[in-house]
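*Asks:* The numbering of the sequence shown is our numbering, which starts it at 1 and goes up by one.
Pasting in a structure now, in structure tokens, and then I'll have a few things to ask.
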Amino acid sequence: MKKRLLAASVILRYISTIALFISAIGMMAMTIIVGYQVFARFILNNSPSWTEGTSILIMSWFIFLGAAVGVREKFHMGFDVLLYFLPQSATPWLRSLSDLAILIFGLGMFHYGLQLTVQTWSARVPVLGIPTGVTYLPIVVSGFLICLFILERIALRFAGEPVDQISINSEVAE
1 MKKRLLAASV ILRYISTIAL FISAIGMMAM TIIVGYQVFA RFILNNSPSW TEGTSILIMS
61 WFIFLGAAVG VREKFHMGFD VLLYFLPQSA TPWLRSLSDL AILIFGLGMF HYGLQLTVQT
121 WSARVPVLGI PTGVTYLPIV VSGFLICLFI LERIALRFAG EPVDQISINS EVAE
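Following this line, the structure appears as structure tokens:
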């Protein structure tokens, strides 16, 4: 069982890396598009209509994918302040409670994001000509990834893996 969990963890690490890579490409693409929009507006005096909608859509993708990666890498809010006041034995329980709250939030993102996507699919974004539901897909994908990543952490914790310890890269610490 533990071997399967660790194998799944490797796969999820690759998925997380791909999501982060897509986010980085999205951030660069949005920067280029906004730069082009500013250039076209002030230099060419001809502002393209598609740049704002495209950059907002790309931004929502890299923000939501980055948030999902942040959950996997533990860059999210938790009950850390309480850990200073409670005994060390309470750490796994508080972390599990935090993970449960994140799981519920991820499920909500997935469920309600999917509803929004389906309900708005027939409408079109006028400037881009794509279904409006496409603008809500980042919420669905991010909610799904958040659920996967948090379930991974919960499963690894119950398997006895040290998921609650913070690892510090020695190269960064020096």
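For every residue, glycine included, the Cβ atom is placed at its ideal position computed from N, Cα and C.
(1) Quick one: residues in its chain with C-beta nearer than 6 Å to the C-beta of His76, no 5 flanking neighbours on either side, listed in chain order?
(2) Under a three-way DSSP split, which group does Lys131 fall into?
(3) With a threshold of 16 other CB atoms inside 10 Å of the CB of Ile168, please say whether the residue is buried or exposed.
(4) Relative to the C-alpha of Ile63, which residue among Pro162, Val141 and Leu151 is closest?
(5) Please report the residue range of the alpha helix (DSSP H) in which Ala90 lies.
(6) With a cut-off of 8 Å on the beta carbons, I'd call Gly113 and Ile146 a contact; round off their distance for me.
(7) For the region 46-64 against the region 17-37, do three or more pairs of beta-carbon atoms, one drawn from each stretch, fall closer than 8 Å, so that the two count as touching?
(8) Since Leu65 and Ile11 are thought to touch, with beta carbons under 8 Å apart, how far apart are those beta carbons, to the nearest angstrom?
(9) If you compare alpha carbons, which of Leu44, Asp164, Ser55 and Tyr36 is closest to Val127?
(10) Which term fits Phe158, buried or exposed, when burial requires 16 or more other beta carbons within 10 angstroms of its beta carbon?
(11) In this structure, what does DSSP give as the bridge partners for Arg124?
(12) Enumerate, from N- to C-terminal direction, the unbroken alpha helix (DSSP H) stretches of 4 or more residues contained entirely within the region 15-76.
(13) According to the neighbour-count rule (16 or more other Cβ atoms, all chains shown, within 10 Å of its Cβ), is Ala173 buried or exposed?
(14) Taking 8 Å as the limit between beta carbons, can you name the residues of its chain near Arg124, skipping five residues before and five after?
(15) Can you grab the Cα-Cα spacing for the pair Val163 / Gly35, in whole Å?
(16) Using 10 angstroms around the beta-carbon of Gly143, count the other beta-carbons present and answer buried if the total reaches 16, otherwise exposed.
(17) What are the start and end residues of the alpha helix (DSSP H) that includes Pro138?
*Replies:* Reading it off the structure:
(1) Gly70
(2) Residue identity check: residue 131 is Pro in the sequence provided, not Lys. DSSP places Pro131 in strand when its eight states are reduced to three.
(3) Low confidence applies to Ile168: its pLDDT is 45, below 50, so where it sits in the model is not reliable enough to give any reading.
(4) Val141
(5) Run containing Ala90: none; DSSP gives neither H nor E here.
(6) Contact flag wrong, Cβ pair sits at about 11 Å.
(7) yes
(8) Not confirmed; about 17 Å, so no contact.
(9) Ser55
(10) exposed
(11) Pro131
(12) 50-72
(13) The pLDDT assigned to Ala173 is 44, lower than 50, so where the model puts this residue is not dependable, and the model offers no usable value.
(14) Ile130, Pro131 and Thr132
(15) 41 Å
(16) buried
(17) Leu137 to Phe158
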